[in-house]
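Inspection log for the structure reproduced underneath, given as structure tokens.
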Amino acid sequence: MSGLDKSSNNDSSFDPQRIRGLHRRRVLSSLSRSDMTVAEISRFTNLRMPHVSAELRRLRREKLVDSASTAGTRGASIHLTPSGRNVVIQDIIHRAQSCLPIPSTKSDICLVFKDRDRLVLASTVVFNQLTIAIPDRQPTGDYSSGNQGAQWILAEVESRDGLWINPHTGKIAEMPDVQLNPNSIESFSEGDRPVYVFNARMIGEKRPISLAPGTWFTPRYNEVKHPFHPQPGFNLRIGTLHEDVSPVYAPNLLIIDIEGRMGQLLIARTIPDDYLMISSIHDSKKNPSSIPEDVLDCWIELAHPRTKPSELRRRSQALKDRILLRRRSRVPEETLRRFRADWGNSQFEEKETASETISTKDLGIRARKALIKWVLQSNEDIPVAIEVGDDIPEYMFKQLLRNSERRIIFSSNEYKAQGVARLSSDTTRPLPWARYTDQNGIETPIRIDDTKLSVAMVDSNPKEEPSFSSLSVELTVSEVEDEYISLALNEKNEQDDYWANLVESEHPEAALIATPRKMRWNRWKRIKGRVDQKWMDLVRFEDVPDSELHEFINISDKRKLPLFSEKFSTMVKDNPNFPYEVRPLTPPETASSGAIWIASRLLASAADISPDMTEDLRSWAIPAWLSDIPDRSIDSLSGAYKIVKEREKKALLDSVHSAARDKPNSDLHTWSRFVRVIEGNGRLTPSFSVKIVRQIPMEWFAPLAEQILLNMLKNEQWWNNAELCSIPWAALALRPNGEPHHFPGSGDLNHPGPSDGFLNALEESIRYRPGIEILDEASVANIHDLIMSLRNATMGLPPYIGRTHPLVGWLAQPLHKWPEIAHTDLTGGDPLITARLLITRSRTME
Numbered sequence: 008m009s010g011l012d013k014s015s016n017n018d019s020s021f022d023p024q025r026i027r028g029l030h031r032r033r034v035l036s037s038l039s040r041s042d043m044t045v046a047e048i049s050r051f052t053n054l055r056m057p058h059v060s061a062e063l064r065r066l067r068r069e070k071l072v073d074s075a076s077t078a079g080t081r082g083a084s085i086h087l088t089p090s091g092r093n094v095v096i097q098d099i100i101h102r103a104q105s106c107l108p109i110p111s112t113k114s115d116i117c118l119v120f121k122d123r124d125r126l127v128l129a130s131t132v133v134f135n136q137l138t139i140a141i142p143d144r145q146p147t148g149d150y151s152s153g154n155q156g157a158q159w160i161l162a163e164v165e166s167r168d169g170l171w172i173n174p175h176t177g178k179i180a181e182m183p184d185v186q187l188n189p190n191s192i193e194s195f196s197e198g199d200r201p202v203y204v205f206n207a208r209m210i211g212e213k214r215p216i217s218l219a220p221g222t223w224f225t226p227r228y229n230e231v232k233h234p235f236h237p238q239p240g241f242n243l244r245i246g247t248l249h250e251d252v253s254p255v256y257a258p259n260l261l262i263i264d265i266e267g268r269m270g271q272l273l274i275a276r277t278i279p280d281d282y283l284m285i286s287s288i289h290d291s292k293k294n295p296s297s298i299p300e301d302v303l304d305c306w307i308e309l310a311h312p313r314t315k316p317s318e319l320r321r322r323s324q325a326l327k328d329r330i331l332l333r334r335r336s337r338v339p340e341e342t343l344r345r346f347r348a349d350w351g352n353s354q355f356e357e358k359e360t361a362s363e364t365i366s367t368k369d370l371g372i373r374a375r376k377a378l379i380k381w382v383l384q385s386n387e388d389i390p391v392a393i394e395v396g397d398d399i400p401e402y403m404f405k406q407l408l409r410n411s412e413r414r415i416i417f418s419s420n421e422y423k424a425q426g427v428a429r430l431s432s433d434t435t436r437p438l439p440w441a442r443y444t445d446q447n448g449i450e451t452p453i454r455i456d457d458t459k460l461s462v463a464m465v466d467s468n469p470k471e472e473p474s475f476s477s478l479s480v481e482l483t484v485s486e487v488e489d490e491y492i493s494l495a496l497n498e499k500n501e502q503d504d505y506w507a508n509l510v511e512s513e514h515p516e517a518a519l520i521a522t523p524r525k526m527r528w529n530r531w532k533r534i535k536g537r538v539d540q541k542w543m544d545l546v547r548f549e550d551v552p553d554s555e556l557h558e559f560i561n562i563s564d565k566r567k568l569p570l571f572s573e574k575f576s577t578m579v580k581d582n583p584n585f586p587y588e589v590r591p592l593t594p595p596e597t598a599s600s601g602a603i604w605i606a607s608r609l610l611a612s613a614a615d616i617s618p619d620m621t622e623d624l625r626s627w628a629i630p631a632w633l634s635d636i637p638d639r640s641i642d643s644l645s646g647a648y649k650i651v652k653e654r655e656k657k658a659l660l661d662s663v664h665s666a667a668r669d670k671p672n673s674d675l676h677t678w679s680r681f682v683r684v685i686e687g688n689g690r691l692t693p694s695f696s697v698k699i700v701r702q703i704p705m706e707w708f709a710p711l712a713e714q715i716l717l718n719m720l721k722n723e724q725w726w727n728n729a730e731l732c733s734i735p736w737a738a739l740a741l742r743p744n745g746e747p748h749h750f751p752g753s754g755d756l757n758h759p760g761p762s763d764g765f766l767n768a769l770e771e772s773i774r775y776r777p778g779i780e781i782l783d784e785a786s787v788a789n790i791h792d793l794i795m796s797l798r799n800a801t802m803g804l805p806p807y808i809g810r811t812h813p814l815v816g817w818l819a820q821p822l823h824k825w826p827e828i829a830h831t832d833l834t835g836g837d838p839l840i841t842a843r844l845l846i847t848r849s850r851t852m853e
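The numbering used here numbers the first residue of the sequence shown as 8 and each following residue consecutively.
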């Protein structure tokens, strides 16, 4: 946005138009930042080079981009034309209209547009912060960060030169003369207030954001999930991302690449005092420092590389004696000549390694190499900050990286150092601003601390800093003010069972906080009648003894059962004895809700359980499960159907139909109704189609995928339905006619294949609401791929290269047209589409 001319087409008389097409939008957006080559555009947009080249050819024909070189020239720099800049501005203006209505506060931020980790945001005032907190969903007012609350992500504000846009008039605006005067009523009215639009990029984790464009929110920096985590051992506190966000700690190995002598001097001032500093940054005349005599042992090997070791030891000792005036020793003239050339007037001393500064400003290359070798061979437990110049060979630089002691390396060379944290210059801002890249490649701007870099010791099992906000329980005002709870959280958290026993009678909540995790379940059983149910959140599923898990489930929050189901499946796979230990000793007819849940999970994991337990699953787990089926247990039906004998399958299905009849909110009730639809005894309505997609496995409803999709397109705002848009419809609908489908209750169900009018029905439904241009949105990529695959197959065109999978278009092509596709070419997209391509490929090979 910073590269755009803010005055272009400000008086346009037509409505602003949005850029259609994901590739076009990404290419134009990248060029709006600066001129780029095709390769640079490909890296910035994450698009393949052929796609970028094809889009640039179209943009050239429309005179939206140009270059100083002839079209097709390798390495040519491409730039936007005035028309291209105007198209980008019109797109931004069109999207900024989603910000209406504009709130009266000046701290709110609006999400205008999102594409992967790139964001376009808006505010009512100039946003001058370096980072901003973004929620991954609509934030609530209770400051919850659990399953029901928003998780806040930190994003870097990429450009401080944004655009003022008036969403009311659809034009670029000037900066308001008076911004939000609290004494003026116009400041709190809608009026013609403009918004300030700017770019941002998410830092670290590429967490999907389900926030709708046009949503206003107030950033909560104190709830941000920090993108960097301290590593075990010593960590340097190097700076902050935001004043309200916890500091950034670098690991014990850090490369500092700051350009310019002034910048290097400023950085050198922040090195902790306990470091041995070896660099040319400090002037040796103003800061004279002596060098340990042991360095000469390393230097002599470099000065005489072909001399025998015994002779090297003799010369080194003689040189030390002469320099330190211990006794007169004969030193060869060639050694003295090289010594004077490399060391100049340096002072040497017989001393232990200490925290000091050794200047290398006037030293020769061999002397600086000797200091590096001495550092590598030193066994002293003293952290070192050492400069590695451009003339130091790469192998010595790599040796410094291999030894992961506490070390800071000053280096501006181009040697690669993957997996090492780096602090480098920020080309857009002066110091104290810099750019920090951690060992995982996560990059962010950072404000370096003004004082000495402080050292923090981090446990091998780092815990988050204790605070009320980090506690998984929402505290009342009285609980926040409780001294025992504060003491337990800040000093006893999960580590003092003895103290917990002492205070349990008077302060059970504090006792639970102080109890180690593995012992909390036993304490909870004692205090559960005296504390609020919310405190059970401190007891983790994996910390409960296996034999008592059914008791834990009995009193757990039912909203957490899906999460517990995932953990249960993992524990079954990791521990073959777990199913035997977790099985409750209760008859099926008197099973509690916890025992019933255990039975349903054992059935769902039947494929991973030893065959020795199959008979017990038939005789105990199935009757217990059917006595009161849980709301989410369709995977239990699948497991039970596989382990019962063939003659008992019909009786099992009848029992499930009967049990599901009394559970209208369960997924088995949806399955029962779905089976009736297959048998011709029910109707497939739009609302029921939504329930099918939400609760039935995709492979089960694949034969009815065409009807279900067309039904769901009749719903209001279907394009905002994440469940609908995330399904790979091409893999479900584009299947050969007559392909058998087997699942509990399916009978002899075969896939009908796509009907002749499927494509027209899809296009008509989308054209009616909201319009065919919605297919350009990345969120509906699955539906877009289905339509384009059908369209190309109908028109006899080559297969469409999809967004969700490059080869998805082949699913719509006749089998006789399929070429021999390598197995490796089938990967790289949606897993279900990959599976369908593999199945069809094997069929063509036969």
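Where a beta carbon is used, it is the ideal one built from N, C-alpha and C, also for glycine.
Separation of residue 433 from residue 425, as counted between CA atoms: 20 Å
Can you look up residue 147 in the DSSP assignment and give me helix, strand or coil? coil
Delimiting residues of the alpha helix (DSSP H) encompassing residue 304: 302-310
Of the residues 270, 559 and 24, which one's Cα is nearest the Cα of residue 94? 24
Rounded to whole angstroms, what's the CA-CA distance from residue 281 to residue 308? Just pull it up for me. 30 Å
Can you give the Cα-Cα distance for residue 140 and residue 478, rounded to whole angstroms? 21 Å
For the putative contact between residue 742 and residue 709, defined by C-beta atoms under 8 Å, what is the C-beta separation to the nearest angstrom? 7 Å
So residue 287 and residue 367 are in contact, right, with Cβ under 8 Å, and what is the actual spacing, rounded? 5 Å
For residue 417, which beta-bridge partners are listed by DSSP? 263 and 394
Quick test of your reading: residue 211 and residue 26, contact by CB under 8 Å. State the CB separation rounded to the nearest angstrom. Not really, about 28 Å apart at Cβ, beyond 8 Å.
Is it buried or exposed, residue 387, if we count other Cβ atoms within 10 angstroms and call 16 or more buried? exposed
So, with DSSP's three-state summary, where would you put residue 225? coil
For the beta strand (DSSP E) that contains residue 206, what are its first and last residues? 202-209
What residues match up with residue 355 in a beta bridge as DSSP calls it? 298
Own chain residues within Cβ distance below 7 Å of residue 106, not counting five before or after: 117, 119, 129, 174, 202 and 221
According to DSSP, is residue 778 part of a helix, a strand, or is it coil? coil
Using the rule of at least 16 other Cβ atoms within 10 Å of the residue's Cβ for burial, across every protein chain shown, is residue 838 buried or exposed? exposed
Residues bridged to residue 87 [DSSP beta-bridge criterion]: 72
Quick check on the burial criterion: 16 or more other C-beta atoms within 10 angstroms. Buried or exposed for residue 682? buried
According to DSSP, simplified to helix, strand and coil, what is residue 705? helix
Residue 570 versus residue 418 - alpha carbon distance: 47 Å
Please identify the residue among 135, 400, 534 and 704 whose C-alpha is closest to the C-alpha of residue 205. 135
Length of the line joining the Cα atoms of residue 272 and residue 453: 18 Å
Near residue 616, which residues of its chain fall below 8 Å by C-beta distance, leaving aside the five closest residues on each side in sequence? 579, 586, 609 and 624
At which residues does the beta strand (DSSP E) containing residue 257 begin and terminate? 255-257
Can you list, in chain order, the residues of its chain with a C-beta nearer than 7 Å to that of residue 788? Leave out the 5 residues immediately preceding and following it. 810 and 811
I need the boundaries of the beta strand (DSSP E) containing residue 442, first residue and last residue. 440-444
Given that a residue counts as buried once 16 or more other Cβ atoms are within 10 Å of its Cβ, and exposed if not, what is residue 347? exposed
Note down the Cα distance separating residue 277 from residue 444, rounded to an integer number of angstroms. 18 Å
Using a 10 Å radius around the Cβ and a threshold of 16 neighbouring Cβ atoms, would you call residue 847 buried or exposed? buried
Does residue 627 come out as helix, strand or coil in the three-state DSSP assignment? helix
Roughly how many angstroms separate the alpha carbons of residue 257 and residue 321, rounded to a whole number? 43 Å
If you compare alpha carbons, which of 48, 67, 68 and 69 is closest to residue 59? 48
Apart from the five residues just before and just after residue 667, which ones in its own chain have a Cβ nearer than 8 Å to its Cβ? 636, 673, 675, 676, 678 and 679
Kindly indicate which residue of 115, 248, 353 and 336 has the alpha-carbon position closest to the one of residue 296. 353
If we ignore side chains and look at the alpha-carbon of each, how far apart do residue 573 and residue 379 end up? 52 Å
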